[in-house]
Ligand SMILES: Nc1ncnc2c1ncn2[C@@H]1O[C@H](COP(=O)(O)OP(=O)(O)OP(=O)(O)O)[C@@H](O)[C@H]1O
Ligand SMILES: [Mg+2]
């Protein structure tokens, strides 16, 4: 699943952008230094291929529903991690711009969740490991299956993390996790089967393509160091933001841990989510205020103690509604006004 | 992704829009990319219970649609098609956050509904901003702008290749898929085995195409270096455009315009 | 001018999968000649052309262009001299606009910007595509793409023009136009085609390939009068040389 702008906070979006941009710069330099100058057109065209391939649906056996190729893992197998990362990133750029998948600020997250995870975590540490030195067809299929599933567990896990730390969605961490992971387990298995099908076709038809990919030995000694360093930087940056968040809001962290370990029920109204929320409101309190933008406890107290306050609130909210309608009306009218003038001039 | 035909048609339409000749189209792409960035950051930086303060931001897509002569209905439809994806997550908010935050007359509205509405409004704003950016700038120019703003050349070139061959390969995929369909008489899709060889074929053809392209490049003296040739000039208009929008977004961000308007109206009525 | 000579000697090519596409092809084309290479599908025409500018490396034999043998070290000179238009224009046009695509070659030659600009306009003018200059190539029709593809090569002002099936997929009008354009090109030109009437119109010399070997090489008219040869190579006379279906007379 794509992370979306609408669920994202600027801090999370910005951090992930920095991480992804760094990885893009690193991989671009890497690909540039490779002797095979055929690679850049090949990457571009294979990216385009993914779009075309995603338009070919197939029936998932025994379910009657249909699926298609995601393709990140396939690219990593064909191109090696650096080129594959860039290609996945560029596919996501086009998806964000032309299909509205995710959005431009969330692009950093999506490039990380799908590109980085596939090319620099799953590919070297799972696919390559299982594949071994001289793989048989069966071993290759196993490696692909496990990698596909792992990639589609890790990616969505990052989405959950990013959503949670952005704090726009109310979904509690563990609920969201429980929602996402099983769905993506199914998707991952399908992706595994599909990738195995395509790779084994290529293996039969033009084995030299795959052998070329295998021969390149993309994760050698020093490339891995570079990758790990950028990953470390990513972790530090993210950690920096998280620790700030945590120190301002111990409640939130505690709640997250409790959520993960399942020690506490999730719907405690005065703690948990609301604790998080209170911290958020405090943080954003310098912003123009709504009547309700007070700490919940304060709001509740106000409600109990001060009957007159509700009038004030009513007044504010009516003004808010009227103003909103007005604003929207103006926004809708603007095109007509501008267009008329535009046509005349 | 929806149907093949619909998707590729939409794709073409959106791409075609960037061939327009309005004053907005003629601006240096960097100005448009940066303005979009400011827009997105401003929108996203609001707290989660903010709905009405987001409304003024609709002025931006609306104004660009008008000034650049874009088909409003097409863009609205395209945006609306994407909204459900954000709404799926947003819709949990009302279930989880039922504290009443707002009374409108007899209606009591919970925080969950407000934040859900906020998510949908954000999605509408951010998604339409992306569509509008491509419509008034065009993908190649966006790449050029990003390159000038520091994106590595290899990545930019790669993006251009990707973009160029999407059109060719989507047609190819469509033809293959159609050819298969015509021989399956209403079967919904191939099984896994046939899928492998169908997509595998497409992959091999793609691979061979990449080799042919590379040959065609070599035949024209390509030595591994690309020479960028898009003239770009960040002049007074671009500065004005960028500063104007940024100032406006800042204003929208700091002041709740609808509330001010509403209070004013209320004051006048009393 | 010796650098317009193309000489192919005992050329053999085996593709990596073992297909033997060329098995000993020899010929010599001198300056200003206009030569057609014809043959059935799979005869090896495209494979042969790809050797002329070093896109493919001979398995055996040698290719000379002008004073240079085609080897890795002479490739830049060879590619400057030989302009190649590929069978599928989609493979040739890969930049965002027609202008950039036509400028691609000259820029790679290291020409100054105003010279590049002049060449772009000139080349597009010659193929009748000047109005397409700012369009993206992927939204062009097949015939327009073909003309632009030729312009991308003309802009390099090659001394030898090589084209792979230049008229396939063109409508009659576009085909006529292209033939006129090729007729105007006075340097050496070599092309493959299944459009035998065009071959008859444009080329005084024809080389017939059959299963990777030269089956005949001579004046076009003589070759098209040899019915045995044509039948053996899965070819036939151009329509304009066949009997008229209405009045029954032979030309
Ligand atoms: N990349 C390749 N790998 C293996 N075999 C190939 C390759 N390209 C061509 N061949 C084979 O080489 C032979 C000659 O092909 P070539 O493309 O030169 O034919 P052609 O004369 O141009 O045919 P057409 O008229 O159909 O274009 C054919 O048998 C073909 O199958
Ligand atoms: Mg051919």
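Chains as they are written, first to last, in my numbering: chain G, 988 to 1332; chain E, 19 to 288; chain H, 6 to 256. Cβ coordinates follow ideal geometry from the N, Cα and C atoms, glycine included.
Is residue i buried or exposed, if buried means 16 or more other CB atoms sit within 10 Å of its CB?
i	result
residue 125 of chain E	exposed
residue 49 of chain H	buried
residue 114 of chain E	buried
residue 176 of chain H	exposed
residue 118 of chain E	exposed
residue 257 of chain E	exposed
residue 58 of chain H	buried
residue 37 of chain H	exposed
residue 247 of chain H	exposed
residue 1055 of chain G	buried
residue 46 of chain H	exposed
residue 20 of chain H	exposed
residue 1189 of chain G	buried
residue 18 of chain H	buried
residue 160 of chain H	buried
residue 189 of chain H	exposed
residue 52 of chain H	buried
Where residue i and residue j are concerned, what is the direct C-alpha to C-alpha distance, given to the nearest angstrom?
i	j	result
residue 147 of chain E	residue 92 of chain E	14 Å
residue 96 of chain H	residue 134 of chain H	19 Å
residue 1082 of chain G	residue 1105 of chain G	18 Å
residue 61 of chain E	residue 106 of chain H	39 Å
residue 259 of chain E	residue 61 of chain H	52 Å
residue 1161 of chain G	residue 1148 of chain G	10 Å
residue 1079 of chain G	residue 1095 of chain G	10 Å
residue 110 of chain H	residue 84 of chain H	10 Å
residue 136 of chain E	residue 53 of chain E	22 Å
residue 11 of chain H	residue 1123 of chain G	48 Å
residue 1169 of chain G	residue 1035 of chain G	30 Å
residue 1192 of chain G	residue 225 of chain E	12 Å
residue 129 of chain H	residue 236 of chain E	21 Å
residue 95 of chain E	residue 75 of chain E	19 Å
residue 77 of chain E	residue 1172 of chain G	42 Å
Within 8 Å (strictly less), CB to CB, does residue i reach chain H?
i	result
residue 132 of chain E	no
residue 262 of chain E	no
residue 237 of chain E	yes
residue 186 of chain E	yes
residue 182 of chain E	yes
residue 179 of chain E	yes
Taking the alpha carbon of residue i as the reference point, which residue from the options has its own alpha carbon closest?
i	options	result
residue 1309 of chain G	E:285, E:287, E:280 and E:251	E:280
residue 45 of chain E	E:252, E:273 and E:272	E:252
residue 44 of chain H	H:248, H:245, H:241 and H:118	H:241
residue 75 of chain H	H:55, H:245, H:91 and H:90	H:55
residue 88 of chain H	H:180, H:157, H:22 and H:119	H:157
residue 51 of chain E	E:72, E:168 and E:77	E:168
residue 233 of chain E	G:991, G:1026 and G:1033	G:1026
residue 1108 of chain G	G:1320, G:1145 and G:1040	G:1145
residue 35 of chain H	H:159, H:194 and H:229	H:194
residue 275 of chain E	G:1195, G:1313 and G:1186	G:1313
residue 103 of chain H	H:139, H:146 and H:127	H:139
Is there a C-beta anywhere in chain G that falls below 8 Å from the one on residue i?
i	result
residue 232 of chain E	yes
residue 70 of chain E	yes
residue 165 of chain E	no
residue 218 of chain E	yes
residue 195 of chain E	yes
For chain E, check one thing: does any of its Cβ atoms lie closer than 8 Å to the Cβ of residue i?
i	result
residue 114 of chain H	yes
residue 46 of chain H	no
residue 157 of chain H	yes
residue 21 of chain H	no
residue 1310 of chain G	yes
residue 1028 of chain G	yes
residue 1154 of chain G	yes
residue 110 of chain H	yes
Could you check if residue i belongs to the surroundings of ligand 3, using beta carbon to heavy atom distance under 7 Å?
i	result
residue 20 of chain H	With respect to ligand 3, the structure offers nothing, as its ligand set consists of ligand 1 and ligand 2.
Discussion item. To be precise: take each residue of the stretch 65 to 84 of chain H, compare its Cβ to all Cβ atoms of chain E, and keep it if any distance is under 9 Å. Which residues remain?
Written reply: Those would be 80, 81 and 84, in chain order.
Worksheet entry | Residues, ordered as in the chain, of the stretch 151 to 163 of chain E that lie near chain H by beta-carbon distance below 9 Å | 156, 157, 158, 159, 161 and 162
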